[in-house]
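A.B. asks: Attaching a single structure in structure tokens format; questions to follow.
Residue numbers (my numbering): 620 to 894.
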């Protein structure tokens, strides 16, 4: 019995010694290995998608919502950017995916969902996970510009010109004229930038102004006649009364702007008439 006890003690000593030195010969761990990388961004982990979200000025945008959406099946992975604007997905199943991003922000007492732009054209395309590393999909907050993946869709908002009169001595704009609208920012834009004066126009019958950065504007309008003559117009909202200047604001669309080509902003309306 004493001899067996000594053998057991020796075996236990060898086992403990093997645990403390030399490589393990046990089964390969099933948990993911720790991330590896350069240390200045998300680790280059296989079968993932990662990137950075920036505002228009190039500063990191924390708290942006990222969707990783399968292109050919159901399912959804949601992520948020960190304080450095970075995000990284878990390992993905081998199917094609698309990424979308949006940022929710408060502006003039309202909450807007702003779709974020991919930084290069090919980042709008679907991708398959790469077993040798991560796929990069970066995003930027843009408040104007065309959406490459949407037909006649813009990151800026739409304004529809409406023709009406508020008094009997007013008249509507001639059908062969163009309405030129000048929008002067009154305060910062939705992203905090100073904004710039926007001068744009639409022919009567078309009446749409596209890609207006979301802001609070002072607005004037001018009728440009077919021969080039110019007539100042009165402007206002539906209730009126029309005047030489008015203000223009935007409202958020209900629901989410992520996962499609919506800019998250309702169309605004500007009413004009000859004085």
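Note that beta-carbon positions come from the ideal geometry of N, C-alpha and C, so glycine has one too.
#1: Between which residues of its own chain and residue 894 is the CB-CB distance below 6 Å, once the five residues before and five after are set aside?
#2: Determine the contact status of residue 733 and residue 745, defining contact as a CB-CB distance below 8 Å.
#3: The beta strand (DSSP E) with residue 781 in it runs from where to where?
#4: What whole-angstrom Cβ distance do residue 803 and residue 836 have, given they're in contact under 8 Å?
#5: Identify whether residue 857 lies in helix, strand or coil by the three-state DSSP scheme.
#6: Are there three or more Cβ pairs, one per stretch, closer than 8 Å when the region 704-721 is compared with the region 841-848?
#7: Report all residues from its chain with a CB closer than 8 Å to the CB of residue 668; omit the five preceding and five following residues, and keep chain order.
#8: Rank 775, 731, 814 by C-alpha distance to the C-alpha of residue 676 and give the top, closest one.
#9: If you count every other CB in all the chains shown that lies within 10 Å of the CB of residue 728, and 16 or more means buried, which is it?
#10: Considering only residues of the same chain and omitting the five flanking positions on each side of residue 767, which have a CB-CB separation below 7 Å?
#11: Closer than 6 Å by C-beta to residue 859: which residues in its own chain qualify, once you throw out the five before and the five after it? Chain order, please.
#12: Chain B beta carbons: is any one of them nearer than 8 Å to that of residue 728?
#13: Check whether the Cβ atoms of residue 825 and residue 796 lie closer than 8 Å to each other.
#14: When the Cα of residue 782 is compared with those of 663, 735, 892, 664, which residue comes out closest?
#15: Applying the criterion that 16 or more other CB atoms from any shown protein chain within 10 Å of the CB defines a buried residue, is residue 865 buried or exposed?
#16: Apart from the five residues just before and just after residue 869, which ones in its own chain have a Cβ nearer than 6 Å to its Cβ?
#17: Can you tell me whether DSSP reads residue 740 as helix, strand or coil?
#18: Nearest by alpha-carbon distance to residue 761: which of 861, 828, 809 is it?
C.D. replies: Straight from the coordinates:
#1: 853
#2: Not in contact: residue 733 and residue 745 (Cβ atoms no closer than 8 Å).
#3: Its beta strand (DSSP E) spans residues 776-782.
#4: 6 Å
#5: In the three-state reduction of the DSSP assignment, residue 857 falls in the coil class.
#6: no
#7: Excluding positions up to five away in sequence, the list reads 687, 707, 708, 711, 716, 718, 746, 748, 753, 754, 755, 756.
#8: Cα-wise, what sits closest to residue 676 is 814.
#9: exposed
#10: 740, 743
#11: 785
#12: Looking for chain B here will not work: only one protein chain is present.
#13: no
#14: 892
#15: buried
#16: Spatial neighbours of residue 869 in its own chain (CB-CB distance under 6 Å, excluding positions within 5 residues in sequence) are listed in chain order as 776, 833, 884, 887.
#17: Residue 740 falls in the helix class under three-state DSSP.
#18: 809
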